[in-house]
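Colleague: So for the sequence shown, my numbering puts the first residue at 41; every next one is plus one.
Below you will find the structure I want to go over with you.
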Amino acid sequence: MEQFLGAIGRPVHIVNLDPANESTPYTSSITLTDLISVGDVMEELGLGPNGAMLYCMEYLEANIEWLETRLDALEHNYVVFDLPGQVELTTNHPSLKRIIEHLCRRQDWRFVAVHLTDATHITDPSRYISLVLLALRAMLMLELPHVNVLSKFDQLDDAQQEQLAFNIDYYTEVQDLSYLQPELEAAAPRFGALSRAIGELIEDFGLVSFETLAVEDKASMLNLLGVLDRAVGYALVVALLLVALGVSAQDDSASVQDDGATELLMQSIIPADASDACKSLLLQIDQDEMFRACTEPLIQAAGLYANASQDTDVNSTRSALQSTLDDVCISNGGCERSLVRQYVSSFWDSCSDELESGNSEVKDLYDYIYMFVPFRDAVCSQDNGQYCVLGLVPQNLQAIKQLQASRGMYMNLATSSSSTNTSSSSVLVEQAFLFLGQASNETVMCSNCAQEVLSSYVAFEMSTPYALGLDRSEVLGKQSEIVSHAQDLCGEKFIAQVGSRAGSRVYTEAALRAGAAALRPSILLFVAVALAAAFV
């Protein structure tokens, strides 16, 4: 993985947290054996290999500052943690979970757990059920965005695949496990009732699915990387949408060294089940240099705001933020709003089937494009000559902490090209509205800056209606809840002022709440033209 990420121009650090593995085929930036090793523990304490492994993880937990100090020194913030393969660490023993929770809480790390298992296990029904059960237990134990992977898939030869009772999709999507029951009972009749109960338990949770991986196959690696990026949110903040896939926003000097990898990465982000017309549009957007001028400033804004929202000492970074915001906002970022509107309209023309059918990946991409202009306007909004983003972050710190705490619950984001098994949108509502929400107090919610942020979205929604209506958007559909909260705290006059700021003299509370929600696709073009003439 280190070599592969380097080939596509993404700086990465590898952290080896396996205390039994001192010789690795990769270069480690941090190695746990520098602190403690299984061999030393076995020799000094007389423990067996399993007990020594657990002792090492408990020792790391007790000396977490050792790891924190070394992580702080890393230059890049895309890090791969290589963990021991001992299943107890992810299914029963609490130390690893507490270490991850500590890093999430103290250093604002965002993790995605990758559970690797040998693909050849699917050839035996009992082993397959066992690995699915282990994956489920790890998901429930770690409570992280989680991707299960059938590795060494290239070692599953044609003869083995022909012996499978069902096609590969059955095993990757974990479909009706009762179909395996005859083989399970034939192999072990005494445990028929137990195997049925385990299968029903797994299906009741409905959480497990698998990606496949063949490390020698570039397309397979890129597909898995795309899944991991979406799960951890890397694609949103670092390489927002398609147009920045060739460059790491974490390092402006980094560029893709393998054009073939770039093309395949593009294909891995574009939904595999999208129509040819929809795929063609997404590729066109990626290749549009003018559209790149719209996205690059937004990437900068998203990155700087994400960093600011995680920094409790915002004043220390105010000067740097001010300078970056000036670069992004004063020149308008070189972005033609008409171009964004053109692509929003073209998206409906080319991807209407996907949008109407509720294809989650296509809807996420549509949301990304649609939010370019209003999100930039929100980030660049000012009050008395000061950027609102510089004030909203410290004012919203308590709300942000509550949000982070609430996100500690388990979320399954292990999506695949063959399944839409996801329980959370790729875009956070709170990020889109600069952390305005139900947890915002009266001081924050009733401020001029809150009006500026809300009106940024309202103005764009009025001039460029959202296909199928705002209520169909996982992100923008929550706008009405924010507005209701604002009205409860600030009154109807506040709502009217938001409408006024959005440029509408006849704007009402109902229009603000609904936005374009009631507009049908057949009249979107007419309404867009009429409203654009009136308000733009």
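Glycine residues also receive a C-beta, built at the ideal position from the N, C-alpha and C atoms.
When DSSP labels each residue in this structure, what does Gln-126 get in the three-state scheme?
Modeller: Three-state result, Gln-126: coil.
Colleague: In the DSSP assignment, find the beta strand (DSSP E) that holds Glu-251 and state where it starts and stops.
Modeller: 250 to 252
Colleague: So Glu-482 packs on Leu-432, CB below 8 Å; how close in whole Å?
Modeller: Rounded, the Cβ-Cβ distance is 14 Å, inconsistent with contact.
Colleague: Which residue's Cα is closest to the Cα of Phe-206: Leu-241, Met-179, Leu-234, Asp-164?
Modeller: Asp-164
Colleague: CA-CA distance, Leu-224 and Leu-241?
Modeller: 16 Å
Colleague: Using CA atoms only, rank isn't needed, just tell me which of Val-187, Val-248, Arg-177 is closest to Leu-217.
Modeller: Val-248
Colleague: What number of angstroms, rounded off, separates the C-alpha of Thr-131 from the C-alpha of Met-181?
Modeller: 6 Å
Colleague: Which of helix, strand or coil does DSSP assign to Ile-169?
Modeller: helix
Colleague: Here's the rule: buried if 16 or more other CB atoms are within 10 angstroms of the residue's CB, otherwise exposed. What is Asp-269?
Modeller: buried
Colleague: Identify the residues that DSSP records as bridge partners of Thr-157: which are they?
Modeller: Thr-157 is bridged to Leu-190.
Colleague: Taking the C-alpha atoms as reference points, what is the distance between Val-55 and Gly-509?
Modeller: 45 Å
Colleague: Would you tell me roughly how many angstroms separate the C-alpha atoms of Glu-83 and Leu-204, rounded to the nearest one?
Modeller: 45 Å
Colleague: Output the residue ranges of the beta strand (DSSP E) runs that lie fully inside the segment 377 to 427 and measure 3 residues or longer, sorted by chain position.
Modeller: none
Colleague: Out of Glu-401, Arg-150, Val-189, Phe-121, which has the shortest C-alpha to C-alpha gap to Asp-162?
Modeller: The residue asked about is misnamed: residue 162 is Ile in this sequence, not Asp. Residue Val-189 is the option with its Cα nearest to Ile-162.
Colleague: For the ligand GDP, any of its heavy atoms closer than 7 Å to the Cβ of Asp-326?
Modeller: You won't find the ligand GDP in this model; it holds no ligand whatsoever.
Colleague: What are the boundary residues of the alpha helix (DSSP H) that includes His-133?
Modeller: Element bounds for His-133: n/a, residue is neither H nor E.
Colleague: CB-CB under 7 Å to Arg-236, same chain, minus the five flanking residues each way: which ones, in chain order?
Modeller: Apart from sequence neighbours up to five positions away, the residues of its chain that approach Arg-236 with a beta-carbon distance below 7 Å are Gln-221, ordered along the chain.
Colleague: Would you say the segment 61 to 77 touches the segment 92 to 110, given that touching needs at least three Cβ pairs under 8 Å?
Modeller: yes
Colleague: In angstroms, rounded to a whole number, what distance separates the CA positions of Ser-385 and Ala-542?
Modeller: 21 Å
Colleague: Could you compute how far the alpha carbon of Ser-288 sits from the alpha carbon of Arg-50?
Modeller: In this prediction, Ser-288 scores a pLDDT of 31, lower than 50, which makes its location untrustworthy; the coordinate-derived value is nonetheless stated afterwards. Their Cα atoms are separated by approximately 6 Å.
Colleague: Here's the rule: buried if 16 or more other CB atoms are within 10 angstroms of the residue's CB, otherwise exposed. What is Leu-85?
Modeller: exposed
Colleague: Can you check whether the CB of Ile-139 is closer than 8 Å to the CB of Glu-101?
Modeller: Yes.
Colleague: Judging by CA-CA distance, which residue of Thr-157, Phe-387, Gln-491 is the nearest neighbour of Gln-422?
Modeller: Gln-491
Colleague: With burial defined as no fewer than 16 other Cβ atoms inside 10 Å of the residue's Cβ, what is the status of Lys-533: buried or exposed?
Modeller: Classification for Lys-533: exposed.
Colleague: Give the secondary structure of Phe-475 by DSSP, where H, G and I count as helix, E and B as strand, and everything else as coil.
Modeller: coil
Colleague: Judging by CA-CA distance, which residue of Lys-137, Ala-159, Glu-202 is the nearest neighbour of Val-152?
Modeller: Lys-137
Colleague: Tell me which residue opens and which closes the alpha helix (DSSP H) that Val-55 is part of.
Modeller: That residue, Val-55, is in no alpha helix (DSSP H); its beta strand (DSSP E) goes 53 to 56.
Colleague: Since Ile-70 sits in a beta bridge, which residues does DSSP pair it with?
Modeller: Val-55
Colleague: Identify, in the order they occur along the chain, each residue of the same chain with its Cβ nearer than 6 Å to the Cβ of Arg-177, setting aside the five sequence neighbours on each side.
Modeller: These residues qualify, in order along the chain: Thr-131.
Colleague: Sort out for me which residues DSSP pairs Phe-121 with in a bridge.
Modeller: Paired residues: Val-55.
Colleague: Following the continuous alpha helix (DSSP H) through Gly-539, name the residue where it begins and the one where it ends.
Modeller: 532 to 541
Colleague: Taking the CB atoms as reference points, tell me whether Phe-193 and Ala-227 lie closer together than 8 Å.
Modeller: no
Colleague: Could you compute how far the alpha carbon of Gly-88 sits from the alpha carbon of Asp-80?
Modeller: 11 Å
Colleague: So Val-78 and Pro-59 are in contact, right, with Cβ under 8 Å, and what is the actual spacing, rounded?
Modeller: 5 Å
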